[in-house]
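Sequential numbering from 0 applies to the sequence shown in the working numbering. For every residue, glycine included, the Cβ atom is placed at its ideal position computed from N, Cα and C. Remarks on the structure that follows.
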Amino acid sequence: MAKPLLRSLVPDRLAEVVAACGAEPYRARQLATWLYGYDALDWDELRNLPRALRASLAEGWDLQGLQPVERQVGGDGTRKFLFRLRDGQTVESVIIPMESHATFCLSTQVGCAMACRFCATARGGLVRNLEAGEILEQVAHLRRDLRADPVPGHGDRQFNAVFMGMGEPLDNWDALPDTLSTMLAPDGLGMSKRRVQVSTSGPGEGLRRLLELAPGTGLTLSLGGTTDEERKRLMPVPGRTGLAEVLELGRLYARQSGRRTTIAWVLIAGSTDGADQARRLAKLAAGGLFKVNLIPLNPLDDDRQAPPAPDVVLAFQGILDAAGIDTTVRLSGGRDIAAACGQLRRRREAGGSAPGKQDGGRPD
Numbered sequence: 000m001a002k003p004l005l006r007s008l009v010p011d012r013l014a015e016v017v018a019a020c021g022a023e024p025y026r027a028r029q030l031a032t033w034l035y036g037y038d039a040l041d042w043d044e045l046r047n048l049p050r051a052l053r054a055s056l057a058e059g060w061d062l063q064g065l066q067p068v069e070r071q072v073g074g075d076g077t078r079k080f081l082f083r084l085r086d087g088q089t090v091e092s093v094i095i096p097m098e099s100h101a102t103f104c105l106s107t108q109v110g111c112a113m114a115c116r117f118c119a120t121a122r123g124g125l126v127r128n129l130e131a132g133e134i135l136e137q138v139a140h141l142r143r144d145l146r147a148d149p150v151p152g153h154g155d156r157q158f159n160a161v162f163m164g165m166g167e168p169l170d171n172w173d174a175l176p177d178t179l180s181t182m183l184a185p186d187g188l189g190m191s192k193r194r195v196q197v198s199t200s201g202p203g204e205g206l207r208r209l210l211e212l213a214p215g216t217g218l219t220l221s222l223g224g225t226t227d228e229e230r231k232r233l234m235p236v237p238g239r240t241g242l243a244e245v246l247e248l249g250r251l252y253a254r255q256s257g258r259r260t261t262i263a264w265v266l267i268a269g270s271t272d273g274a275d276q277a278r279r280l281a282k283l284a285a286g287g288l289f290k291v292n293l294i295p296l297n298p299l300d301d302d303r304q305a306p307p308a309p310d311v312v313l314a315f316q317g318i319l320d321a322a323g324i325d326t327t328v329r330l331s332g333g334r335d336i337a338a339a340c341g342q343l344r345r346r347r348e349a350g351g352s353a354p355g356k357q358d359g360g361r362p363d
């Protein structure tokens, strides 16, 4: 049976672990620095901790639960990673280089139960939730990658974290609270709430819990339609929270946090890119509490769905702009390396690999 991952503990609990090993209390701060300042993945890296303490910690805890399996680099600089977990399952993470920082796209589940028609992850269903330590270790691997292979003008410290990888984060309440706590804790990753974004398809109970847990973090709602009927066609989960309730919770979140809620809208040719849909979306987003992020579909290998032509995307955006809705279009970073959610894992399981520059793992 695998030992528990040390990163699954919130930083405040490291003092208990150190005390149980018979070490001085200040060793807990040193341990936290190695975990979240230096992203340590091997006990031998903790050089200022006594060898006896390291040995005692290693008897009860694992420091690493993810093994890099594949690393892809796209022509636009996007980096995608496939990690193998201790039970043999695999998950993905992505580094998206931005102008002044990097964005880390993190997974919260192996697979997903949400059944969204446009998502590769959903096609395999939900396997299991990730532990908090497995989510946080993705950050460690991505930061180590940036140190080993820097992006010009970027460090490894200034990054945003978005829960937009594999899985529905608001369906993983075993791990999400401790993950967010460690991300925001001064003796954890010490991140600002403004640098953390939770993306969700909108389970109502999960949204209400997030309002209590982490007001002020960013929230993105993936709608999939402007009516419940449209949403059911693209996101056919029985018992899904109704659109009106999801939007009202999004407004409440914006009022409480002081930050506008983002509506993510996937643009699929002939399905979600019509002018009438743009006008209906503009009405739903009216009132100043929402902004809209348009996402042209990153098509799956065996998919007959496709993204709209660029002029259709611009026309859709133009309707929203004319209605006074703050609208952006997400560039499809990493399309040449299967960087959309679940694609690399799906290809790997099918015995293939994404095109692009490969190196089999993280450089160290």
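Check                                                                                                                                                                     : Outcome
Provide the residue span of the alpha helix (DSSP H) that contains P176, from first to last.                                                                              : L175 to L183
Comparing C-alpha positions only, which one of N47, L179 and E244 sits nearest to R207?                                                                                   : E244
In whole angstroms, give me the CA-to-CA distance for S221 and T89.                                                                                                       : 24 angstroms
What number of angstroms, rounded off, separates the C-alpha of S256 from the C-alpha of G223?                                                                            : 24 angstroms
Drop a sphere of 10 angstroms on the beta-carbon of E133, count the other beta-carbons inside from all chains shown, and report buried for 16 or more, exposed for fewer. : buried
Rounded to the nearest angstrom, what separates R278 and R254 at their Cα positions?                                                                                      : 24 angstroms
Do T216 and K192 count as a contact pair if the criterion is CB distance below 7 angstroms?                                                                               : yes
Evaluate P237 with the Cβ neighbour count: other Cβ atoms within 10 Å of its Cβ, from every protein chain shown; 16 or more gives buried, anything less gives exposed.    : exposed
Going by beta-carbon coordinates alone, are M364 and T199 separated by less than 7 angstroms?                                                                             : Missing from the structure shown is residue 364; the chain here goes from 0 to 363 and no further.
Beta-carbon within less than 7 angstroms of G76's beta-carbon, same chain only, minus the 5 sequence neighbours each way: which residues are those?                       : P96 and V150
Here's a check: name, in chain order, each residue in its chain whose Cβ is nearer than 8 angstroms to the Cβ of Q157, leaving out the five neighbours to either side.    : S99, H100 and A101
Cutting at 8 angstroms between CB atoms, please list the residues of its own chain near A274, excluding the five before and the five after it.                            : A314, F315 and I318
Check each candidate in I267, N159, T107 and R303 and name the one with the smallest Cα separation from D173.                                                             : T107
Sort P49, T271, T327 and L296 by Cα distance to F289 and report the nearest one.                                                                                          : T327
So, under 8 angstroms CB-CB, V161 and L105 are touching, yes? Tell me the CB distance rounded to an integer number of Å.                                                  : 7 angstroms
So the candidates are C20, L40, L13 and D41; which of them puts its Cα closest to the Cα of L30?                                                                          : L13
From this set, G241, T240 and T261, which residue's C-alpha is nearest R250's C-alpha?                                                                                    : T261
In this structure, does DSSP put R222 in helix, strand or coil?                                                                                                           : The residue asked about is misnamed: residue 222 is Leu in this sequence, not Arg. The answer is coil: DSSP assigns L222 none of H, G, I, E or B.
Within the continuous alpha helix (DSSP H) that includes I294, where are the two ends?                                                                                    : Careful: I294 lies outside any alpha helix (DSSP H), inside the beta strand (DSSP E) at F289 to P295.
Among the candidates E247, L141 and L175, whose CA atom is the shortest distance from the CA of L65?                                                                      : L141
By the three-class DSSP mapping on this structure, what secondary structure does R208 have?                                                                               : helix
Go through the region 10-74 residue by residue and report every complete run of the beta strand (DSSP E) that reaches 3 residues or more, in order.                       : 65-72
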